[in-house]
Every structure is written in C-alpha cells, then in structure tokens.
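Written out below as structure tokens is the structure these notes cover.
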Amino acid sequence: MPATPSANPRRTAVTAEPEDPLPPRLAHLPARDKLERLLKVARGKKKALILTHDNPDPDSLAAAVTLAHILERRAGMEARVGYGGIIGRAENVAFVRVLRLPVSHVSQLDFDAYDFFGLVDTQPPVGNHSLPARLRADVVIDHHPLRDESLQTPFADVGGDFGATATMLVEYLRAARLEPSVDVATALFYGIKADTRDLGRETTQTDIDSYLWLFPRCDKHLLGQIEHPELPARYFQLFHTSIERAKVYGTAIITDLEEVYSPDMVAEIAERMMFLDGMKWSLAYGTFRNQLFVSLRVKDRRMNAGRLIREACESFGGSSGGHGSMAGARLPLSGKASQRKALKRELVNRFLKAFGVAEQRPVSLLAAQDA
C-alpha cells in the first residue's frame with residue numbers, strides 16, 4: 001500500500017447519476033460480470049480508500065485488503081484500507097499483526113487525498129463506518145441484508161446469499177484470475193472461518209467452496225498464532241464480570257458488562273453465553289467511550305436477529321444491523337447516570353418482550369440449575 005497520498009480534492013455527495021445504471025440486484029450476477037462492472041466504475045480514478053465497519057472484525061479486514069489488492073492489480077489504482085474505532089479483541093490484534101495487514105486508522109488518513117471510496121462488510125445507511133457524510137461511497141460490498149438506500153451507490157453488491165463478506169471477495173479474486181499471497185489467503189480463510197463459526201452458522205455452498213479453495217493456500221502456522229493468542233489479564237477480568245452479572249430468563253440470558261476495554265468483547269461475551277444449555281437468546285451490552293454496544297445472538301431462526309435489533313434500538317439513535325442469528329448495535333449515551341440506567345432498563349425490557357420471556361423471573365447465572 002502507498003504512503004499517505006498527496007492532496008486531491010474530492011467531489012461532494014451530490015453527483016450525477018452514472019451513464020450506465022447498474023441493475024438493482026447486482027448481487028445475483030456472475031462474479032465475472034460483477035468484476036467487469038466494478039472495474040468500469042473504477043475507470044479513470046487514481047486513489048482508492050477502502051473502509052471497513054468501525055471496530056472491524058477479521059471478515060471485514062480481510063475483505064477490505066482483498067478489494068484494495070484487486071483495484072491495484074486490475075484497475076491500476078493506488079489503494080489503501082482504513083478503519084474507525086479500535087481493533088481490541090486479542091485474536092483480531094494478532095490477525096493484523098501476524099499477517100502484517102496494511103491497514104490504517106482513519107485518524108491517520110486525509111479523505112481529500114482520495115477520489116474513490118469503498119465500504120466493505122457495511123452499508124452507507126447503517127452508520128457504523130467512518131466515511132464522512134459529505135462523501136459518497138463508489139463501491140459497497142456486503143454480505144448483510146440489503147438496505148435499499150445502498151442501491152443509490154454506483155456499485156452495490158449487497159443482498160446476496162453469503163455467510164461472509166470475505167467469501168464475496170474470493171469470488172472477485174478468482175474472477176480476476178489473481179493468486180492471493182499467503183498472508184491474504186490466510187486472512188480470507190480466517191475471515192470466513194470466524195464469521196461462519198467454522199462453517200457451522202449461516203453457511204452457503206459458496207462459503208464452503210471458497211474455504212476449500214483457500215485452505216491449501218493459507219499458512220496453518222500463522223493461523224494457529226491468530227486463533228490462540230496470549231490474552232491480557234483484563235480479558236479474564238471481563239469474563240469474570242460477565243459471569244457474575246449474567247441473568248437467565250427462561251430461555252434467554254442477558255449480560256450487563258458495564259465498562260468494556262474493547263467494543264468487540266461485547267460480541268464475544270454474547271457468543272459465549274449462547275453455549276449455556278437451553279438458551280435460545282443471548283444479549284450482552286457494555287459501555288465504551290460514552291456509547292452503548294449491544295450484541296445479540298439468536299438460536300431460534302424464526303426470529304431474525306438483524307430485524308429484531310433494529311426494531312428494539314432504532315428509537316435510541318445510533319446504528320444497528322445484522323442478519324439471521326447475530327446482530328449488533330451502537331447507541332449514544334449521554335446525560336446523568338440515572339438516565340443511562342433508565343435507557344438500559346428500557347432496552348432490556350424491549351428485548352425480553354421480543355424474546356417472549358418478559359414474565360420470567362430472572363435467575364443469576366451463578367445460581368441457575370442445569371435443565
């Protein structure tokens with residue numbers, strides 16, 4: 001990736017429609033057709049900035065790095081990857097460090113130096129990304145459910161049937177006939193592995209095919225360093241807090257983590273608590289830098305986690321989204337401590353009603369009996 005580029009004024013969000021409008025369901029085209037349209041949108045541009053969602057996970061980071069690589073090799077652009085928030089979970093820190101991924105925090109980037117913008121693993125209307133409102137994304141690639149506003153983007157590959165955004169970028173890579181480096185192949189492999197929970201969650205045949213294509217190309221030793229990193233003491237302290245504060249409401253478990261040292265730990269706790277015998281729902285929430293991070297896991301697939309969390313959280317502002325069995329939200333926190341507590345109580349009550357356990361008497365996890 002290049003060093004910080006020189007200034008190059010960027011157009012504002014108000015731009016003319018593309019001369020050749022893309023079909024509304026770009027996601028259903030063959031990968032080669034999508035690649036051709038991507039390169040057409042990129043034609044004439046010089047410098048690309050690809051952004052992940054804030055507090056990115058391996059799927060988002062791997063997809064962004066791969067998209068930047070494709071634009072460099074096939075569109076002749078300089079490309080850089082940026083992210084907002086923090087990379088805090090031990091596995092994610094190891095992921096970037098071990099694979100030497102060329103990613104930069106947005107605080108180190110000058111947005112006016114770029115004339116082409118991409119979003120991966122997120123969409124413009126979701127709001128969990130760091131693209132300024134004055135700028136428009138040229139490319140959006142995301143495996144989450146389609147937000148209609150995303151179709152206003154010149155290139156929006158959204159709404160397809162994939163378990164990970166990394167899978168989508170493998171399709172582009174293969175269509176472009178590009179052989180990934182060992183580091184990129186390992187990143188994509190782990191991105192798919194983590195997002196589909198070892199191909200056991202919301203996995204499609206394309207995810208499996210991409211996983212198998214990447215397997216002989218990735219470095220198993222590097223993979224082991226990522227999956228089994230050394231953990232800081234605060235990791236175990238936070239798990240201690242989560243177990244002490246977890247409440248069981250019949251088939252649901254809810255955990256108030258209070259202050260967390262990294263937003264992505266909220267998702268890790270929600271995921272872990274879902275392993276409790278008999279649970280259909282797991283909700284965890286914690287505060288980080290005056291924002292409330294919420295993570296939801298759902299075993300009952302009749303309830304869509306993404307839709308449920310949007311309905312429960314939309315009146316609080318912030319951003320929320322997800323898909324079938326997992327979702328998250330980021331809500332602003334302000335006012336006095338009593339107001340913050342009231343917001344959390346109201347949020348929990350909404351989820352309890354949605355889970356159908358509002359009448360259940362809460363039991364501390366430490367006092368819960370096995371079924």
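Just so we're aligned: 216 in the UniProt record's numbering is position 216 of the sequence shown, and the numbers increase by one with no gaps anywhere.
All residues carry an ideal CB built from backbone N, CA and C; glycine is no exception.
task = May I ask you to list the residues that DSSP assigns as paired with residue 287?
result = The residue given as residue 287 occupies position 287 in the sequence shown. Residue 287 pairs with 259, 292.
request  = My understanding is that residue 253 touches residue 365, with C-beta atoms under 8 Å, so please give their C-beta distance in whole angstroms.
outcome  = Reading the sequence shown from its first residue, position 253 is the one you call residue 253. Reading the sequence shown from its first residue, position 365 is the one you call residue 365. Contact holds; Cβ gap of about 7 Å.
inquiry  = Tell me the rounded alpha-carbon separation between residue 78 and residue 50.
reply    = Here the question's residue 78 lines up with position 78 in the sequence shown. Here the question's residue 50 lines up with position 50 in the sequence shown. Roughly 11 Å between the two C-alpha positions.
Nonlocal neighbours in the same chain, by C-beta distance under 6 Å from residue 23, ignoring five residues either side = To locate residue 23, count along the sequence shown from 1; it is residue 23. Confidence is the limiting factor: at residue 23 the pLDDT is only 48, short of 50, which leaves the residue's position unreliable and the question unanswerable from this model.
key: Candidates 261, 307, 311: closest to residue 293 by CA position   = In the sequence shown, counting from the first residue as 1, residue 293 sits at position 293. When each option's Cα is compared against that of residue 293, the closest is 261.
request  = Note the first and the last residue of the continuous beta strand (DSSP E) segment covering residue 222.
outcome  = As a first step, residue 222 is located in the sequence shown; it is residue number 222 there, counting from the start. Segment 220-227 is the alpha helix (DSSP H) holding residue 222; no beta strand (DSSP E) there.
task = Confirm, please, whether the CB-CB distance from residue 266 to residue 257 is below 8 Å.
result = Sequence index remark: in the sequence shown, residue 257 carries index 257 (1-based). Sequence index remark: in the sequence shown, residue 266 carries index 266 (1-based). For residue 257 and residue 266, yes; Cβs fall inside 8 Å.
Residue closest to residue 251, alpha-carbon to alpha-carbon, out of 175, 177, 86, 358 = As a first step, residue 251 is located in the sequence shown; it is residue number 251 there, counting from the start. When the alpha-carbon of residue 251 is set against those of 175, 177, 86, 358, the nearest one is in 358.
query = Are the beta-carbon atoms of residue 61 and residue 95 separated by less than 8 Å?
reply = One-based indexing of the sequence shown puts residue 61 at position 61. One-based indexing of the sequence shown puts residue 95 at position 95. The answer is yes: Cβ separation under 8 Å.
inquiry  = For the beta strand (DSSP E) containing residue 332, name the first residue and the last one.
reply    = Counted from its first residue, the sequence shown places residue 332 at position 332. 326-332 is the span of the beta strand (DSSP E), which, as asked, contains residue 332.
C-beta contact flag for residue 321 and residue 306 at 8 Å = Working through the sequence shown from its first residue, we reach residue 321 at position 321. Working through the sequence shown from its first residue, we reach residue 306 at position 306. Contact: yes.
key: Burial state of residue 349, where buried means 16 or more other Cβ atoms lie within 10 Å   = Translated into positions along the sequence shown, residue 349 becomes position 349. Exposed, by the Cβ-count rule.
query = Taking all protein chains shown into account, do 16 or more other C-beta atoms lie within 10 angstroms of the C-beta of residue 210, making it buried, or fewer, making it exposed?
reply = Position 210 of the sequence shown, counted from the start, is the residue given in the question as residue 210. Burial call: buried.
task = Select from 204, 231, 255 the residue whose C-alpha is nearest the C-alpha of residue 362.
result = Against the sequence shown, residue 362 aligns to sequence position 362. The residue with the shortest Cα to Cα distance from residue 362 is 255.
ask   = So residue 373 and residue 139 are in contact, right, with Cβ under 8 Å, and what is the actual spacing, rounded?
value = Nothing about residue 373 can be read from this structure; the chain reaches only from 1 to 371.
request  = Express the C-alpha separation of residue 216 and residue 84 in angstroms, rounding to a whole number.
outcome  = By 1-based counting over the sequence shown, the position of residue 84 is 84. By 1-based counting over the sequence shown, the position of residue 216 is 216. Whole-angstrom Cα-Cα distance: 32 Å.
request  = Apply the 10 Å Cβ neighbour rule to residue 332 and answer buried if 16 or more other Cβ atoms are within range, or exposed otherwise.
outcome  = The residue labelled residue 332 in the question sits at position 332 within the sequence shown. It is exposed - the Cβ of residue 332 has fewer than 16 other Cβ atoms within 10 Å.
key: residue 38 (DSSP reduced to helix, strand or coil)   = On the sequence shown, residue 38 is found 38 positions in, with the first residue counted as 1. Looking at residue 38 - three-state DSSP - the assignment turns out to be helix.
task = For residue 338, count neighbouring Cβ atoms within 10 angstroms of its own Cβ and tell me buried if that reaches 16, exposed if not.
result = Taking the sequence shown and counting its residues from 1, one reaches residue 338 at position 338. Burial call: exposed.
key: 6 Å CB neighbourhood of residue 287 in its chain, flanking five on each side removed   = Start at 1 with the first residue of the sequence shown, and residue 287 comes out as number 287. In the same chain as residue 287, and ignoring 5 residues on each side of it, the C-beta atoms closer than 6 Å to its own belong to 259, in chain order.
message = Check whether the region 119-139 and the region 26-34 are in contact - that is, three or more C-beta pairs closer than 8 Å.
response = no
query = Would you call the region 173-188 and the region 138-152 touching, i.e. three or more CB-CB distances under 8 Å?
reply = No contact exists between the region 173-188 and the region 138-152.
ask   = How would you call residue 108, buried or exposed, if buried means at least 16 neighbouring beta carbons within 10 angstroms?
value = The residue labelled residue 108 in the question sits at position 108 within the sequence shown. Exposed, because fewer than 16 other Cβ atoms sit within 10 Å of the Cβ of residue 108.
query = Which stretch, first to last residue, makes up the alpha helix (DSSP H) that contains residue 341?
reply = By 1-based counting over the sequence shown, the position of residue 341 is 341. Per DSSP, residue 341 belongs to the alpha helix (DSSP H) from 337-355.
query = If we ignore side chains and look at the alpha-carbon of each, how far apart do residue 160 and residue 143 end up?
reply = Here residue 160 is taken as the residue at index 160 of the sequence shown, counted from 1. Here residue 143 is taken as the residue at index 143 of the sequence shown, counted from 1. So the alpha carbons of these two residues sit roughly 6 Å apart.
query = residue 264 and residue 55: beta carbons closer than 8 Å?
reply = Counting from one through the sequence shown, the residue named residue 264 turns up at place 264. Counting from one through the sequence shown, the residue named residue 55 turns up at place 55. Taking 8 Å as the Cβ cut-off, residue 264 and residue 55 qualify as a contacting pair.
key: Expected contact under 8 Å - CB spacing of residue 158 and residue 123 to nearest Å   = As a first step, residue 158 is located in the sequence shown; it is residue number 158 there, counting from the start. As a first step, residue 123 is located in the sequence shown; it is residue number 123 there, counting from the start. About 6 Å; that satisfies the 8 Å criterion.
ask   = Just reading off the alpha helix (DSSP H) that residue 126 is part of, what are its end residues?
value = Residue mapping note: residue 126 aligns to position 126 of the sequence shown, counting from 1. It is not in any alpha helix (DSSP H) - residue 126 carries neither H nor E in the DSSP assignment.
key: Rounded C-alpha distance that separates residue 271 from residue 99   = As a first step, residue 271 is located in the sequence shown; it is residue number 271 there, counting from the start. As a first step, residue 99 is located in the sequence shown; it is residue number 99 there, counting from the start. Whole-angstrom Cα-Cα distance: 25 Å.
request  = Please work out which residues of its chain come closer than 7 Å, Cβ to Cβ, to residue 147, disregarding the five sequence neighbours upstream and downstream, and give them in chain order.
outcome  = Here residue 147 corresponds to residue number 147 of the sequence shown, with the count starting at 1. Closer than 7 Å at the Cβ level, and outside the excluded window around residue 147, lie 123, 125, 126.
task = Using alpha carbons as the reference points, say which of 247, 189, 315 lies closest to residue 282.
result = Within the sequence shown, residue 282 is the residue found at index 282, counting from 1. Ranked by Cα distance from residue 282, the options 247, 189, 315 are led by 247.
request  = State the DSSP-derived secondary structure class of residue 21, mapped to helix, strand or coil.
outcome  = Within the sequence shown, residue 21 is the residue found at index 21, counting from 1. Caution is warranted here: a pLDDT of 49 is assigned to residue 21, below 50, making its placement in the model unreliable, and the coordinate value is therefore given only provisionally. Coil, per DSSP.
request  = Run the CB neighbour count on residue 163, radius 10 Å, all protein chains shown included, and call it buried at 16 or more, exposed below.
outcome  = Looking up residue 163 in the sequence shown gives position 163. Residue 163 should be labelled buried.
ask   = Using the beta-carbon count (16 or more within 10 Å), is residue 367 buried or exposed?
value = Residue mapping note: residue 367 aligns to position 367 of the sequence shown, counting from 1. The residue in question, residue 367, is exposed, as its Cβ has fewer than 16 Cβ neighbours within 10 Å.
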